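Colleague:
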Amino acid sequence: MIKKFLVAALTAVVFASSAEALSVKHDFTAFVGPFNASTAEFEYTLTKKSYAVRSVVRTNGTFGFLYPFEANYYTGGSIEGDRLETSAYRYTSQSRFNKRSKVMIYNEDGQPVFAVSSKNGREKKKEIEATADSKNTTNLQTVLAAIARQYNLVGFCDSRIPIFDGKRRFDAIFRDEGKEEIKANEYSAFAGRAAKCSMYIDKLGAEGDDLLWQLSSDRPIYFWILKDAASGAPFIARVKINETPLGEMNVYTTKIEVKK
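Here the numbering used here is used: the first residue of the sequence shown is 9, the next is one more, and so on.
(1) Hey, could you find the ends of the beta strand (DSSP E) I244 is sitting in?
(2) Between P207 and T252, what straight-line distance do the alpha-carbon atoms span, to the nearest angstrom?
(3) Can you list, in chain order, the residues of its chain with a C-beta nearer than 8 angstroms to that of R157? Leave out the 5 residues immediately preceding and following it.
(4) Please state whether the Cβ-Cβ distance between L234 and A202 is less than 8 angstroms.
(5) Which residue's Cα is closest to the Cα of S239: T262, K268, V111?
(6) Evaluate R246 with the Cβ neighbour count: other Cβ atoms within 10 Å of its Cβ, from every protein chain shown; 16 or more gives buried, anything less gives exposed.
(7) In terms of alpha-carbon separation, which member of S109, G186, K56, V40 lies closest to K257?
(8) Would you call the stretch 181 to 191 and the stretch 110 to 119 touching, i.e. three or more CB-CB distances under 8 angstroms?
(9) Taking only runs that begin and end inside the stretch 166 to 200, name each unbroken beta strand (DSSP E) of 3 or more residues, in chain order.
(10) Residues in the same chain with beta-carbon distance under 7 angstroms from K127, minus the five sequence neighbours each way, listed in chain order, please.
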């Protein structure tokens, strides 16, 4: 379960600039309690008409021996006015005993209509019925593009975004937490006065058995945003979760690459 929480925390924190077309890649290293638990690579692209998010998360070291895991994510779509309409979502993962995948099929309005999932070669296709709960919602990966676009347009994080993952309906809530000075350390050279934001999940009474679901709103994910000196592109320099089953979680950005 800690793997799922680690992935969710890392995938909640990537931003890009509002330029005509810009791609920002982050390299992260994550510590959970005493473990240097994982590395992650995120590439985020945002234009006036489209968005895309690509990410890879791998556990490593002692943590990787205890919880071997690698996950690959991709989501993308078009931007129609203020609405981000998803057209593609793909996910694959490999753990010690299981290989999983999931593909979401969307209609022309960006609403999910089918989910095709597999576990160890056994495939299952599920029709997703359109309901009041799923209407005008998005997936958690697309939320990254939506909040990044908002931050670059208006300069703040405050937002409440409805999400439907094919099974559960919940909200991702972002809040501004002021400004804080962050210092360089042995894991990250990035430092300066950063904007601090938080994200947590409002479960809306839904039930779930994964670790992110259990921690949710009681333990928000905090992140600190700096701007790249050369391009002006905002990026995440730090991430922190005060409590997990294995202790405090700290994520450091080790490298960024900006492409125009």
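Even for Gly, the Cβ is constructed at its ideal location relative to N, Cα and C.
Everything numeric in this text was worked out from a predicted model, so none of it was measured.
Modeller: Looking at the coordinates:
(1) As a working mapping, residue 244 is identified with position 236 in the sequence shown. Residues 242 to 249.
(2) Reading the sequence shown from its first residue, position 199 is the one you call residue 207. Reading the sequence shown from its first residue, position 244 is the one you call residue 252. The identity of residue 207 in the sequence shown is Met, whereas the question assumes Pro. Cα-Cα distance, rounded: 15 angstroms.
(3) Residue mapping note: residue 157 aligns to position 149 of the sequence shown, counting from 1. Same-chain partners within the cutoff: S26, L54, Y59, I87, L92.
(4) On the sequence shown, residue 234 is found 226 positions in, with the first residue counted as 1. On the sequence shown, residue 202 is found 194 positions in, with the first residue counted as 1. Yes, Cβ-Cβ distance for L234 and A202 is below 8 angstroms.
(5) Sequence index remark: in the sequence shown, residue 239 carries index 231 (1-based). Residue K268 is the option with its Cα nearest to S239.
(6) Counting from 1 along the sequence shown, the entry for residue 246 is found at position 238. Under this definition R246 is a buried residue.
(7) Working through the sequence shown from its first residue, we reach residue 257 at position 249. Looking at the sequence shown, residue 257 is not Lys but Met. M257 has its Cα closest to that of V40, out of S109, G186, K56, V40.
(8) no
(9) 167 to 172, 177 to 190
(10) Within the sequence shown, the letter at position 119 stands for residue 127. Cβ within range, chain order: N106, R108.
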